[in-house]
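Trainee:
Residue numbers (this note's numbering): 8 to 410.
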């Protein structure tokens with residue numbers, strides 16, 4: 008339920024009447040209220056497909072990684088057959104956390120550090136102290152709780168819902184909605200690329216502010232000088248997601264997607280001529296950004312930790328031969344690292360204002376940000392709110408149905 012604010016706001020803090028050009032945003036408490044964040048954990052992150060780990064991070068049987076998804080700790084490991092498996096990271100005996108480290112490797116089994124209940128890499132209970140004296144125990148019933156897992160783009164996606172939504176519709180469908188068809192993304196063959204660089208950012212801002220920032224480029228001419236040198240149309244405020252299939256063109260002076268516009272690496276072999284010298288961006292709700300350029304792919308995964316804290320893990324992916332050659336990736340990495348830093352600084356500057364009386368009823372979106380309005384509707388729909396009357400006070404019916 009939306010937190011109700013009964014105190015009256017001063018006139019200056021009241022949202023202005025909507026004009027035909029402006030769209031009302033979510034109210035400020037959507038970015039600060041712990042109760043709303045708990046609802047988001049339950050109804051968004053624990054019900055939708057969540058991109059958890061890069062498959063190659065679990066290189067051999069026994070490798071594992073723990074990931075926080077919503078309110079749950081999820082354990083992802085590779086079994087003896089080389090297949091990825093995901094479980095709730097909870098021992099079925101007394102509920103102790105099975106693996107307490109973020110990542111690691113076991114030889115054959117997973118053992119609870121509390122009472123030594125032991126599970127194989129497929130989650131089956133195989134041993135426990137005095138288990139032989141309890142012959143009535145059904146080991147299958149006491150196996151770890153399995154979490155559905157799919158691999159796509161070289162990453163493991165998991166879903167905590169009892170009945171997961173269609174992966175094709177909600178995840179792959181995001182690429183189709185953005186690019187026009189899944190083949191446009193398939194040509195980058197992301198699952199066969201190698202990790203060239205990974206940076207982790209601890210951002211003191213709500214996850215929705217980060218999503219909103221990524222979706223628009225109204226700010227690009229102000230805070231992204233390096234990016235707009237390479238992608239000059241971004242200086243005009245139109246995002247890469249401006250319309251289906253659109254990819255921002257490189258400037259005539261830029262020979263590569265690098266911090267100074269100098270040449271990068273050889274074009275990925277699968278992409279078509281129409282995709283060369285262009286940048287494409289995809290948002291896969293609720294927590295993934297995919298950035299496509301001719302010679303590499305950049306993947307952001309967000310891990311919402313609190314109403315005002317989000318950890319973002321960013322991977323730069325290249326052809327294996329580029330990484331194996333020891334090529335200098337610094338100019339290639341530096342461009343989007345600067346974009347990330349500039350964006351996250353902006354989000355952190357915005358977060359404190361979400362609790363201000365000036366933002367009590369929210370702000371506004373300009374026409375080029377209309378798709379953020381659609382994102383806000385998606386959030387309130389996921390939370391089971393029919394209007395966004397409280398969330399989007401002042402928006403007309405026409406405003407709330409952007410083209």
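Cβ atoms here follow ideal geometry from the backbone N, Cα and C, with glycine treated the same way.
1. Any idea what DSSP makes of residue 85, helix, strand or coil?
2. Flag this pair as yes or no: are the beta carbons of residue 349 and residue 253 separated by less than 8 Å?
3. Could you compute how far the alpha carbon of residue 386 sits from the alpha carbon of residue 144?
4. Tell me the DSSP secondary structure of residue 101 in three-state form.
5. Taking just the CA atoms, how far does residue 108 sit from residue 409?
6. Does the distance from the CB of residue 290 to the CB of residue 179 come in under 8 Å?
7. Kindly indicate which three-state DSSP category residue 321 falls into: helix, strand or coil?
8. I think residue 164 touches residue 56, with their Cβ atoms under 8 Å apart; what is that distance to the nearest whole Å?
9. Closest by CA to residue 67, which one among 90, 368, 81?
10. Roughly how many angstroms lie between the CA atoms of residue 392 and residue 383, to the nearest whole one?
11. If you draw a straight line from the C-alpha of residue 198 to the C-alpha of residue 162, how long is it?
12. Do you know how far the Cα of residue 328 is from the Cα of residue 32?
13. Specify the secondary structure class of residue 294 as computed by DSSP and reduced to three states.
14. Would you mind working out which of 379, 103, 366, 353 sits nearest residue 229, comparing C-alpha positions?
15. On the criterion of 16 or more Cβ atoms from any shown chain inside 10 Å, does residue 4 qualify as buried, or is it exposed?
16. Measure the Cβ-Cβ separation of residue 271 and residue 339 and say whether it is below 8 Å.
17. Return the residue from the list 346, 169, 210 that minimises the CA-CA distance to residue 226.
18. Report the option in 49, 28, 36 whose CA atom is closest to the CA atom of residue 389.
19. With DSSP as the reference, label residue 232 as helix, strand or coil.
20. Given a threshold of 16 other Cβ atoms within 10 Å of its Cβ, counted over all protein chains shown, does residue 317 qualify as buried or as exposed?
21. Given a threshold of 16 other Cβ atoms within 10 Å of its Cβ, counted over all protein chains shown, does residue 141 qualify as buried or as exposed?
22. The alpha helix (DSSP H) that contains residue 182, what's its start and end?
23. Please determine, among 224, 297, 182, the residue with the shortest C-alpha to C-alpha distance to residue 372.
24. Under 8 Å Cβ to Cβ from residue 116, same chain only, skipping five residues before and after it: list those, please.
25. To the nearest angstrom, report how far apart residue 65 and residue 257 are at their CA atoms.
26. Since residue 358 contacts residue 212 with CB under 8 Å, what's their CB separation in whole angstroms?
27. Would you mind giving the Cβ-Cβ distance between residue 360 and residue 44, rounded to the nearest angstrom? I have them listed as a contact below 8 Å.
Mentor: According to the structure shown:
1. strand
2. Not in contact: residue 349 and residue 253 (Cβ atoms no closer than 8 Å).
3. For residue 386 and residue 144, the distance between alpha carbons rounds to 44 Å.
4. coil
5. Annotation note: pLDDT 26 at residue 409 (below 50); position unreliable, no value reported.
6. no
7. In the structure shown, residue 321 sits in a strand (DSSP, three-state: E or B).
8. Going by Cβ atoms, the distance from residue 164 to residue 56 rounds to 5 Å, so yes, they are a contact pair.
9. Residue 67 has its Cα closest to that of 90, out of 90, 368, 81.
10. 11 Å
11. 8 Å
12. Answer to the nearest angstrom: the Cα atoms are 46 Å apart.
13. coil
14. 353
15. One cannot answer for residue 4 here, as it falls past the ends of the chain, which runs 8 to 410.
16. Taking 8 Å as the Cβ cut-off, residue 271 and residue 339 qualify as a contacting pair.
17. Ranking 346, 169, 210 by Cα distance to residue 226 puts 346 first.
18. 49
19. helix
20. Classification of residue 317: buried, given that the 10 Å Cβ count is 16 or more.
21. Residue 141 comes out exposed.
22. For residue 182, the enclosing alpha helix (DSSP H) stretches over residues 180-186.
23. 224
24. 125, 126, 127, 128, 133, 134
25. Going from the Cα of residue 65 to the Cα of residue 257 covers about 36 Å.
26. 4 Å
27. Not really, about 17 Å apart at Cβ, beyond 8 Å.
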